[in-house]
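Only one structure is covered here, and it is reproduced in the block below.
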Amino acid sequence: MKYCLYCTCMGTLASSLKEEALRSALGPAVALKAVDRLCDNAACRKALEGMAFGPADTVVAAACSKGSRGAQALACLRSAAPGVRAELADIREACVWPGSKDSAGVAAQAADLVRMGFARLESAAPAEACPASGKGVLVAGAGPAGMAAASALAALGVPVTLAERRTSLGGMLNQLGTLFPRMESASSVKAALPLDGADVLLGTEVRGIVREKGGWSVELRSGAESKRASFGAVILALGGRPVLPGGKMRSGELKGVVSQMELDALLTAVEQGRKSADLLPADAVFVQCVNARDEEHNYCSALCCPTAVKNALRLVALKPEATVTVLNRQMVMPGVALEALYRKAMQSGVRFLHVDDMNALAVEGEGNVRAVRLPASAGAPEEVLKADMLVCSTPVAPAPASVELAEGLGLRMDAMRFIRGHEPAHPLESDAEGVFLCGSVRWPAFVDQAVEQGRAAAVMAARFLRENRMPMDEMPEEGPAASIRTALCSGCGRCVQACPHGACRLGEDGKSAVEAELCRRCGACAAVCPCKAAVLPGVPSTREILAALGVVAPTKRRLS
Amino acid sequence: MSRPYLDILKAHNAFQCVECGKCVALCPMAETSPGFSRVKSPRGVVQQALRGMEDMPGVASCLQCRSCSQTCPAGVDVAGLIADLRRVQARSQLSVCSCCGAPMLPADAGRYLEGAVNAGFEGDLSYASLCPACRRRAYVRNNS
Amino acid sequence: MLSALNLSASQVDPRSVLIVGGGVSGMQAALSLAALGVPVLLVEKNAHLGGQVMRLDKVYPTDHCAFCPAWSTAKACYESPLIKVVLHAELTGLSTDGEQALAEVTLRRPAIDPASCLFCGSCAEACPRKAVLRRDPIMTWDPALPPAMRIDEALCDKCGACAKACPVQAIDLGVKPVTVSVPVADVIYATGFAEPRPGEPEHAPEFGSGSHPDICTAMEFEAWHGESRGQDRLTTRSDGRPVRRVAFVQCAGARDVRHLPYCAAVCCMHAMKQARWLKRRQPDLDITLFYNDLRAPGAGQEAYVRAGEVEGIRLVRSRPGLVKEAGKLGIGLRYEDAATGSALGEHFDMVVVNGGLAQCPLPGHTPAASAGPLAPVTLACGFCAEPVDVAGAVIQGVATAAAAAMRRRSAESVGGDA
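Chains D, W and C are the protein sequences, given in the same order. Once you know that position 8 of the first sequence is 15 in this note's numbering, the rest is easy, because the numbers rise by one and skip nothing. Once you know that position 117 of the second sequence is 1600 in this note's numbering, the rest is easy, because the numbers rise by one and skip nothing. Once you know that position 246 of the third sequence is 315 in this note's numbering, the rest is easy, because the numbers rise by one and skip nothing.
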């Protein structure tokens, strides 16, 4: 049975489009009912009083446009009559309001629009449900990001396996003593990430990750042994590696030219009483952006400036008579906490000198570094800085293991080989379904950021397990997956090539089939199929559109 | 590295300078000399003082209009810094009052007068003998 | 969706987490909690979800549309059965009895009730002052909500013609705010930031903000640029003459002890985004960006800045001392020039002043008084906690939701069922 609910918009349309005129224009095949309004739950229910719809019935709401209140009307209709097959025909903005026709013309056009709605409904294919996965999460890498992810998943009751190739947990947390911006100890952060309930595999490398039905199959290698395990989602937390000064600033040649990490370790050893404060420099010069923000590493790691400021503060705390000068192209200390740390360092007497080109610095010394010579600049004369230690701040690059896994998964990486998320609204979601990123695999992250990202990735993975959908696939309309009508399929494979999600596969019978749980409803298969075998219900297909047009323009036009 | 003016630098927050250049942009003396930024500008003085340099030409040419201090986003009181540097510099080149110690005359003038008095000069020295600070008749004394 | 316009205690599960602020960070926190089975009460003071992102045309570093992802996220919030969204609502008080928090939410309904409005336009036709609009002056209309007519408060003189014309009596010009007390479990603040209005910050008048239409804030510029899409060439806001030179001034009022001492973290990249748009739209424009430290710390951001330089955007490391209108010459700007070592004056047709973005306050926030495991905690995420960009706000929103959910789970396992 065909029903049409003519919404008079609280009577404002009734004078231009009379109910009787529309009824006679539609003819006896359609049961018409005029109602006051549909876009409000109570009013909609009142409008449907005494009406019941069966699975073979179709309803067209003759109301306003979808972008106006029409979407709301449809939503109220679907809520008042669950499961109803309903469509919208815009007879307000598209028909009555333009108002250039006589009343008979208005009624005729409105009836056409309603009939088009019925035609669309009739040519649509039926819906299909989408199953969710029931497996757990693999976290690859147990640095601060991985530990935070595994800790969160365990606390939320989600089954999680944490695999770490080293024989101890912690990653960078084991190499750093004090952390910025709050100057807390790395060990306290580690202690705040308990892993009770997580399956922790130390000395285990994550090797090939391969898609399988219902999730991911991962090879876990421990020594000579190797086994495969199945997971519903994967979190990549393999971290980064520091880039070395590589001979810049005469490192390797002169004693006393060290990296920021080496100074960090020395400061930690002195703070913990394992080494003497005599080993600390009397005049330290920090050089920022060594091997960074240049042709080869065209990015700012953003954690080198805060690390330098942190270590400068630690140094003057341990040795108040020391002079510390930080040579920088700019100090990247964004936000409240870091800017405050920067000012604190300045107040403690640390000098921050701007240098345009680090390559113009001349490092002087024989055997041991002795001084750094700065060329004159706009605001300052030439200067020679006495230095018995020169500390190079270098960038962080992606870990080789991360690059390898990303290549295996076909994930996009940027020019520096960081794995790309979908910036900026979905930064931790990779191109692969159910694979999330956190920490320095995605971009150099300091500990606070790594922990946040780990927790966030954990929640996203938990959601994915439940909903079988990446957060970025939050589509405005939910719809059924694409499907292939086997009888029409010629096995040409174009849909397999076109599908960006790997959901279309050619089966052994030579016909294509869609794996519903991988389908992202993009419609690419339906667009390229030459046999019209692939369809995406819920989105008007060419067939539906032609059917609707056929109602008002009987001569069909072939679309190539 | 020695910093003879460390107290003054700290008192006026000189270490906070981020070299943004606002003080230079607003300084009325900006067009008076080439290489103004580096040499005589408020920023130049701060950087020279931080390096412990003795020769700071900007200290003498400052008009004390205080535009720089008002505009500094880092809270550096540049004008105050320059005023204090001026006093310190001047003090080493002036003779002081024997009663209150305030600067009175350039040192060489003071030396000349002292020599004249010791040699029995009997002319009118009232112009040189009334200290402007403590208003007492005083003899000049070289600042040693 | 329309239930977003009213609130009563009976509609809210007392185990809900109250999220104050429905911007990017708040929405992500809400969706994450809902996905973990935790009910949420999401309170937003504007007429729409999405926060500041809804006022942007594009976001960096991808130059993608800003509000599309925000829109689909907003829709998901409205549709989630575990999230109760309330619009036009502010948190005006928060107290705790040790186990439960009691939130006082004040609803400031607009004069035209969005739940009843038919969007038919009768009120707009009847209004003698053209004060009734189909959309906000700044495009902050939430496409996930059914649209409603709006009254521009600045133009309305409360004559009541609209109320008489409305066929559903949806207009009440004397509508008063209503305060509702709602018990909740924990609170997450996601109130974001407030951009300085023209004329602010008062402590930094040397940047000329508010003194002339051609000296504008970043958001004004975003709106002006978006609206001028149809034009061939850009024209000034003041007299419509062609724009040839544009300046962006960073750190105006930020990193300033007289106003906001901290760095707002996003303005450098935001200005770069606007500068590159301008340049790509009209390559013959002369664009200069004056900065102190150009901060491009996030993924792909430094490359974005370098690309801008290659496109011809001039980057000058100097904070201008003075920005002032100069009659026929346009807007004068005085800065320290590194090449000559002196102060230089230049003139521009438009100057965008990037002032400090103030972190919004956390209303009713007091440190947790009770130490019990079931005591409500307050957390904060997004810009109001620490200046971040969109990616950072998304991450923080989800991470903070995780922290709240983890805490709740462990509290419940300690205290039995709560």
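Even for Gly, the Cβ is constructed at its ideal location relative to N, Cα and C. A quick note: this is a predicted structure, and the numbers were derived from the prediction, not measured.
| Excluding five sequence neighbours on each side, which residues of the same chain lie with their C-beta closer than 8 Å to the C-beta of Pro1540/W? | Locating residue 1540/W in the second sequence gives position 57, where the first residue counts as 1. Here the set comprises Val1522, Lys1523.
| Can you give the beta carbon distance from Leu1568/W to Ile1491/W, rounded, assuming they're within the 8 Å contact cut? | Looking up residue 1568/W in the second sequence gives position 85. Looking up residue 1491/W in the second sequence gives position 8. Yes, Leu1568/W and Ile1491/W are in contact; Cβ-Cβ is about 6 Å, under 8 Å.
| said: When you compare the CB of Cys1545/W with every CB in chain C, is at least one pair closer than 8 Å? | reply: Walking along the second sequence from the start, residue 1545/W turns up at place 62. It does not; no Cβ of chain C falls within 8 Å.
| field | Proximal residues of chain W, C-beta to C-beta of Pro388/D below 7 Å | value | Residue 388/D sits at position 381 when you count from the first residue of the first sequence. Within 7 Å Cβ-Cβ: Arg1521.
| field | Arg350/D at chain W interface by Cβ criterion, 8 Å | value | In the first sequence, the residue the question calls residue 350/D occupies position 343. Judged by the 8 Å Cβ criterion, Arg350/D is in contact with chain W.
| message | Using CA atoms only, rank isn't needed, just tell me which of Leu118/C, Pro311/C, Gln238/C, Asp458/C is closest to Leu398/C. | response | As a working note, residue 398/C is residue 329 in the third sequence. Looking at the Cα atoms, Pro311/C is the closest of the given residues.
| request: Quick one: grab the DSSP three-state call for Ser22/D. | output: Indexing the first sequence from 1 puts residue 22/D at position 15. Three-state DSSP puts Ser22/D in coil, outside helix and strand.
| task | Report, in whole angstroms, the separation of the C-beta atoms of Tyr1488/W and Ala1543/W, which I expect to be a contact under 8 Å. | result | What you label residue 1488/W is simply residue 5 of the second sequence in a count that begins at 1. What you label residue 1543/W is simply residue 60 of the second sequence in a count that begins at 1. 16 Å between Cβ atoms; not a contact.
| query | Ala383/D touches chain W at which residues, Cβ-Cβ below 8 Å? | reply | To locate residue 383/D, count along the first sequence from 1; it is residue 376. What Ala383/D touches in chain W: Arg1521.
| field | Length of the line joining the Cα atoms of Ala568/D and Thr286/C | value | The structure shown has nothing for residue 568/D, since chain D only spans 8 to 567.
| Taking Thr161/C as the reference, which of Val335/C, Trp140/C, Lys114/C has the closest Cα? | As a first step, residue 161/C is located in the third sequence; it is residue number 92 there, counting from the start. The shortest Cα separation from Thr161/C among Val335/C, Trp140/C, Lys114/C belongs to Lys114/C.
| said: According to DSSP, simplified to helix, strand and coil, what is Met208/C? | reply: The residue given as residue 208/C occupies position 139 in the third sequence. Confidence at Met208/C is low in this model, with a pLDDT of 48, below 50, so its placement is unreliable and no value can be given for it.
| chain W within 8 Å of Ala487/C, Cβ atoms only | The count along the third sequence starts at 1 and reaches residue 487/C at position 418. Confidence at Ala487/C is low in this model, with a pLDDT of 34, below 50, so its placement is unreliable and the value that follows should be read with caution. Closer than 8 Å: no.
| DSSP state of Val277/D mapped onto helix, strand, coil | As a first step, residue 277/D is located in the first sequence; it is residue number 270 there, counting from the start. Val277/D: helix per DSSP, three-state reduction.
| Nearest CA to the CA of Val392/C: which residue from Val81/C, Leu384/C, Glu405/C? | Looking up residue 392/C in the third sequence gives position 323. It is Glu405/C whose Cα lies nearest to the Cα of Val392/C.
| Using a C-beta cutoff of 8 Å, does Ser85/C count as contacting chain W? | As a first step, residue 85/C is located in the third sequence; it is residue number 16 there, counting from the start. It does not; no Cβ of chain W falls within 8 Å.
| query | Cα separation between Gly451/C and Val339/D? | reply | Taking the third sequence and counting its residues from 1, the one referred to as residue 451/C is at position 382. Taking the first sequence and counting its residues from 1, the one referred to as residue 339/D is at position 332. Straight-line Cα distance between these residues: approximately 19 Å.
| Chain-ordered residues of the segment 355–375 of chain D with a beta carbon less than 9 Å from chain W | Ser355, Gly356, Val357, Arg358, Phe359, Leu360, His361
| query | If we cut at 8 Å on Cβ distances, does Phe1604/W have a partner in chain D? | reply | The residue given as residue 1604/W occupies position 121 in the second sequence. False, the Cβ-Cβ gap to chain D never drops below 8 Å.
| message | Can you list, in chain order, the residues of its chain with a C-beta nearer than 6 Å to that of Arg478/C? Leave out the 5 residues immediately preceding and following it. | response | Here the question's residue 478/C lines up with position 409 in the third sequence. Hits under 6 Å: none found.
| request: Compare the C-beta of Pro389/C against all C-beta atoms of chain W and say whether one is closer than 8 Å. | output: As a working mapping, residue 389/C is identified with position 320 in the third sequence. Yes, its Cβ sits closer than 8 Å to a Cβ of chain W.
| task | For the beta strand (DSSP E) holding His508/D, just list the boundary residues, first then last. | result | Sequence index remark: in the first sequence, residue 508/D carries index 501 (1-based). Counting along the chain, His508/D falls outside any beta strand (DSSP E), and DSSP gives it neither H nor E.
| request: Would you mind telling me which residues of chain C sit closer than 7 Å to Ala1494/W, beta carbon to beta carbon, in chain order? | output: Walking along the second sequence from the start, residue 1494/W turns up at place 11. In chain order: nothing, as chain C lies at least about 16 Å away.
| query | Below 8 Å between beta carbons: does that hold for Ser388/D and His433/D? | reply | Numbered from 1 along the first sequence, position 381 holds the residue referred to as residue 388/D. Numbered from 1 along the first sequence, position 426 holds the residue referred to as residue 433/D. Here the sequence assigns Pro to residue 388/D, which means Ser is not the residue at that position. Taking 8 Å as the Cβ cut-off, Pro388/D and His433/D do not qualify as a contacting pair.
| query | Within 8 Å (strictly less), CB to CB, does Arg1570/W reach chain D? | reply | Reading the second sequence from its first residue, position 87 is the one you call residue 1570/W. Arg1570/W does not count as touching chain D.
| said: My parser needs the alpha helix (DSSP H) runs of 4 or more residues fully inside the segment 119–188 of chain C; what are they? | reply: 136–148
| Which value, in whole angstroms, describes the spacing of the CA atoms of Thr469/C and Arg470/D? | What you label residue 469/C is simply residue 400 of the third sequence in a count that begins at 1. What you label residue 470/D is simply residue 463 of the first sequence in a count that begins at 1. Roughly 15 Å separates the two Cα atoms.
| message | Quick check: the Cα distance between Pro130/C and Ala560/D, rounded to an integer number of angstroms? | response | Translated into the one-based positions of the third sequence, residue 130/C becomes position 61. Translated into the one-based positions of the first sequence, residue 560/D becomes position 553. Approximately 47 Å between the Cα atoms of the pair.
| Host beta strand (DSSP E) of Gln456/D (start-end) | Taking the first sequence and counting its residues from 1, the one referred to as residue 456/D is at position 449. Segment 454–474 is the alpha helix (DSSP H) holding Gln456/D; no beta strand (DSSP E) there.
| From Ser110/D to Glu26/D, what distance separates their C-alpha atoms? | As a working mapping, residue 110/D is identified with position 103 in the first sequence. As a working mapping, residue 26/D is identified with position 19 in the first sequence. Distance between the alpha carbons of Ser110/D and Glu26/D is about 11 Å.
| query | Checking contacts by CB at 8 Å: is Met340/D closer than that to chain W? | reply | As a first step, residue 340/D is located in the first sequence; it is residue number 333 there, counting from the start. Chain W contact via Cβ: absent.
| task | Select from Ser31/D, Pro62/D, Leu84/D the residue whose C-alpha is nearest the C-alpha of Arg44/D. | result | By 1-based counting over the first sequence, the position of residue 44/D is 37. Looking at the Cα atoms, Leu84/D is the closest of the given residues.
| query | So with Cβ pairs under 8 Å, would you call Cys1503/W a contact of chain C? | reply | Reading the second sequence from its first residue, position 20 is the one you call residue 1503/W. Output row for Cys1503/W: interface = yes.
| In the segment 250–282 of chain C, which residues sit with their C-beta less than 7 Å from some C-beta in chain D, listed in chain order? | none
| Short check: CB of Ile242/D to CB of Ala464/D, under 8 Å? | On the first sequence, residue 242/D is found 235 positions in, with the first residue counted as 1. On the first sequence, residue 464/D is found 457 positions in, with the first residue counted as 1. Closer than 8 Å, so yes.
| said: If you measure between the beta carbons of Pro341/D and Pro265/C, is that distance less than 8 Å? | reply: To locate residue 341/D, count along the first sequence from 1; it is residue 334. To locate residue 265/C, count along the third sequence from 1; it is residue 196. Not in contact: Pro341/D and Pro265/C (Cβ atoms no closer than 8 Å).
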